[in-house]
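>
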Amino acid sequence: MSNHIGKDLTESKVSSTLITLLVPILLSNTLNVVYNIVDSIWIGNIIGPLGLSAVAVSFPITLMMGSFAFGVNMANGVIVSQYYGAKDYNTVSHVIKVSTTLGVIILFTVGSLMFIFAKKILIIMNTPKDALDMAVIYLRITIIGLPFAYSYFFISSILRAVGDSVRPLIFLIVSSIVNIILDPILIKGFFIIPAMGLKGAAIATVISQCISVLISTSYLKIKNSFIKINPFIFTFDINITKKIMKLAIPISSNQFIVAFGWLIITRLISSFGDAASATVAIVNRVESLFIMPIGALGNAVMTMSAQNIGANKFDRVKEIFKNGIVIGIIISSVMSIFSIVNPHLLINMFTKDLEVFEYSKSYIYTIMPIFIFYSIMFVCNGVINGAGKTIVIMIFSTSTTLILRTILAYALSEKFALVGIWASMGICYIINTLFSLYYYKSNKWQKNSNITQ
215 MSNHIGKDLT
225 ESKVSSTLIT
235 LLVPILLSNT
245 LNVVYNIVDS
255 IWIGNIIGPL
265 GLSAVAVSFP
275 ITLMMGSFAF
285 GVNMANGVIV
295 SQYYGAKDYN
305 TVSHVIKVST
315 TLGVIILFTV
325 GSLMFIFAKK
335 ILIIMNTPKD
345 ALDMAVIYLR
355 ITIIGLPFAY
365 SYFFISSILR
375 AVGDSVRPLI
385 FLIVSSIVNI
395 ILDPILIKGF
405 FIIPAMGLKG
415 AAIATVISQC
425 ISVLISTSYL
435 KIKNSFIKIN
445 PFIFTFDINI
455 TKKIMKLAIP
465 ISSNQFIVAF
475 GWLIITRLIS
485 SFGDAASATV
495 AIVNRVESLF
505 IMPIGALGNA
515 VMTMSAQNIG
525 ANKFDRVKEI
535 FKNGIVIGII
545 ISSVMSIFSI
555 VNPHLLINMF
565 TKDLEVFEYS
575 KSYIYTIMPI
585 FIFYSIMFVC
595 NGVINGAGKT
605 IVIMIFSTST
615 TLILRTILAY
625 ALSEKFALVG
635 IWASMGICYI
645 INTLFSLYYY
655 KSNKWQKNSN
665 ITQ
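Each residue of the sequence shown is one higher than the one before, starting from 215 at the first, in this note's numbering.
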């Protein structure tokens, strides 16, 4: 074996190891949010509403493109974690090579089609005519940068899978600093650099992504580890590919289901008027803010669980679950109490409109008291995903987030308006949590969960 890289999560104390793994992931998630906010501030203040509009219409397209890549990355992370936990480093290296090939094929195929049909797609999405040309340029530059974005997330997911969540954070910090510096320079121009407007913002993002890839690949080469990534050398293995796709397809499908389910709810909320429609943006931001630490905890639990399942240490996985639940309850309780006591501190960051404020406050008062269920669900799903049972999560998500929530939202909104919609969301959070908790307690996730065997 080459120089050791990563951290064995199958031996050390569970609580401290989980927290050590969690904190850098949480900081990375936070930095991503800050990164996007700063990007929007520069675009909004320098270019104006048209620039923000062009970015807004491009976002769902890049999100759809990224959903399958996200699924492949997460599936690859589970498989790598299990083989790493089993101390089978040769197979870890082989899985990474196959995943690299798979990623190149997917990116080239999807990226090429999106680049060619970018304008037609934006027209279909009813992009405002004034923003269309700007949006086409922005989207195409973003597509050109996708290989770099994917490569960074791919390397980061591998490093986290082998227990190293610190290095991806460092790479992201460097990338974010570069992007924040380049944004105003390339948008407004500086000395001999001409003003490029929104095109400059897109180029700044691509350059920063490229730098993060150069740093991360250089790190792997310096360490001379068993993690070998070369997009120009293709490695095919039908068995490994089947394992990846078996996990990736449900994960990617779940991303689409969640997005589609939220689209239905958004249309319903918007039917209550402009103030209700504006509340959607606030609700999205508030929910993403609160899900961020819980999502990071779920990822940490998934990585630790996968390594220990690969090592056949199922008793230790149950200890990881218990510690995850405790941490999740503490985090969600603090956030719930803070938001219920101080809703104005959250909402006033986004709006001063009194009607929107009241709608947003009703969301916080309805959802946050039961947010503890959400943290339990993420921990349960972390173990279930770590066991490779991603299709179970997809089934739960489809039955609650898409079907049940839609039925309840339309039924309850007839009498209770927006509060009825918030209630439907809360009810489905609880039911989804109970599904996941029942599945975990049944120990069905243990059956054929060790992919290495």
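A virtual CB, placed ideally from N, CA and C, is assigned to each residue, including glycine. Note that the coordinates shown come from a computational prediction; the quantities given were computed from them, not determined experimentally.
Kindly identify the DSSP beta-bridge partner or partners of Ile407.
Ile407 pairs with Phe404.
> Is Asn453 near the ligand HEM - that is, is its Cβ less than 7 Å away from at least one heavy atom of it?
Absence of the ligand HEM from the depicted structure is noted, as is the absence of any ligand whatsoever, leaving it without description.
> Between Arg374, Gly411 and Leu400, which lies nearest to Ala418 when the distance is taken from Cα to Cα?
Ranking Arg374, Gly411 and Leu400 by Cα distance to Ala418 puts Leu400 first.
> Considering only C-alpha positions, which residue in the set Ile355, Ile251, Ala525 and Asn246 is nearest to Ile421?
The residue with the shortest Cα to Cα distance from Ile421 is Ile355.
> Between which two residues does the alpha helix (DSSP H) carrying Val376 extend?
Per DSSP, Val376 belongs to no alpha helix (DSSP H) and is neither H nor E.
> Which term fits Leu235, buried or exposed, when burial requires 16 or more other beta carbons within 10 angstroms of its beta carbon?
Leu235 should be labelled buried.
> Specify the secondary structure class of Asn657 as computed by DSSP and reduced to three states.
If DSSP states are grouped into helix, strand and coil, Asn657 belongs with coil.
> Going by DSSP, what residue range makes up the alpha helix (DSSP H) through Glu572?
Unbroken alpha helix (DSSP H) run through Glu572: Leu568 to Ile581.
> Which term fits Ile544, buried or exposed, when burial requires 16 or more other beta carbons within 10 angstroms of its beta carbon?
Looking at its Cβ environment, which holds fewer than 16 other Cβ atoms inside 10 Å, Ile544 is exposed.
> Mapping DSSP to helix, strand and coil, what is Phe450?
Looking at Phe450 - three-state DSSP - the assignment turns out to be coil, as it is neither helix nor strand.
> Could you check the C-alpha separation between Leu482 and Ala473 for me, to the nearest Å?
Taking the straight line joining both Cα atoms gives about 14 Å.
> In whole angstroms, give me the CA-to-CA distance for Thr591 and Ile239.
The displayed chain sequence assigns Met, not Thr, to residue 591. Using only the alpha carbons, I get a separation of about 18 Å.
> Could you work out which residue in Ser519, Ala623, Ala625 and Val548 is closest to Ser229 when comparing CA atoms only?
For the residues Ser519, Ala623, Ala625 and Val548, the minimum Cα distance to Ser229 belongs to Ser519.
> By Cβ distance below 6 Å, which residues in the same chain neighbour Asn662 in space, the five residues on each side in sequence not counted?
Answer for Asn662: no residue qualifies.
> By how many angstroms is the C-alpha of Ser226 removed from the C-alpha of Glu533?
Cα to Cα, the separation comes out at about 12 Å.
> Where does Glu678 fall in DSSP's three states?
As shown, the chain starts at 215 and ends at 667. That puts residue 678 outside it, with no answer to give.
> Smallest Cα separation from Leu434: which of Ile372, Asp451, Thr449 and Ser574?
If we check each option's Cα against that of Leu434, Ile372 comes out closest.
> So is Arg374 in contact with chain B if we call contact Cβ pairs under 8 Å?
The question asks about chain B, but that chain is absent: this structure has only one protein chain.
> For Ser570 and Ala489, what's the separation of their Cα atoms in angstroms?
Note that residue 570 is Val in the sequence shown, not Ser. Cα to Cα, Val570 sits roughly 5 Å from Ala489.
> Name the two residues that bound the continuous alpha helix (DSSP H) containing Pro557.
It spans Pro557 to Ile561 - the alpha helix (DSSP H) in which Pro557 sits, taken as one unbroken run.
> Assuming Gly542 contacts Ile505 under a Cβ cut-off of 8 Å, what Cβ separation, rounded to an integer in Å, is found between them?
Not quite, the Cβ-Cβ distance comes to about 12 Å (not below 8 Å), so this is no contact.
> DSSP on Lys301, reduced to helix/strand/coil?
Lys301: coil per DSSP, three-state reduction.
> Quick one: what does DSSP say Pro342 is sitting in, helix, strand or coil?
It is coil, neither helix nor strand.
> What span of residues does the alpha helix (DSSP H) with Asn259 cover, start to end?
Unbroken run through Asn259: none, as it is neither H nor E.
> Quick check on the DSSP output: the alpha helix (DSSP H) that includes Thr666 runs from which residue to which?
Segment: none, Thr666 is in no alpha helix (DSSP H) and carries neither H nor E.
> In chain order, what residues of the same chain lie with their CB nearer than 8 Å to the CB of Val312, ignoring the 5 residues before and after it?
These residues qualify, in order along the chain: Thr449, Phe450, Asp451, Ile454, Thr455 and Ile458.
> I'd like to know whether the C-beta atoms of Ser295 and Gln660 end up nearer to each other than 8 Å.
Not in contact: Ser295 and Gln660 (Cβ atoms no closer than 8 Å).
> For Ile429 and Glu572, what's the separation of their Cα atoms in angstroms?
Each residue's Cα considered, the two are about 47 Å apart.
> Taking 8 Å as the cut-off, decide whether the C-beta atoms of Val633 and Val531 are in contact.
Contact flag unset, no.
> Residues in the same chain with beta-carbon distance under 7 Å from Met582, minus the five sequence neighbours each way, listed in chain order, please.
Closer than 7 Å at Cβ, skipping near neighbours: Ser550, Ser553 and Ile554.
> Just verifying my parser: in three-state terms, what is the DSSP assignment at Asn526?
Note: Asn526 maps to coil in three-state DSSP.
> Below 8 Å on the Cβ atoms is my guess for Ile255 versus Ala415; work out the distance and round it to an integer in Å.
So it is not a contact: roughly 11 Å between Cβ atoms.
> Count the other C-beta atoms from every protein chain shown that fall within 10 angstroms of the C-beta of Ala375, then say buried if there are 16 or more, exposed otherwise.
It counts as buried.
> On a Cα-Cα basis, can you pick out the residue from Tyr577, Ile447, Phe322 and Asp397 that is closest to Asn498?
Ranking the options by Cα distance to Asn498, first place goes to Tyr577.
> Taking just the CA atoms, how far does Asp378 sit from Gly180?
Beyond the ends of the chain as shown, which are 215 and 667, falls residue 180; an answer cannot be given.
> Just the Cα atoms here: how many angstroms apart are Asp347 and Ile586?
Cα to Cα, the separation comes out at about 45 Å.
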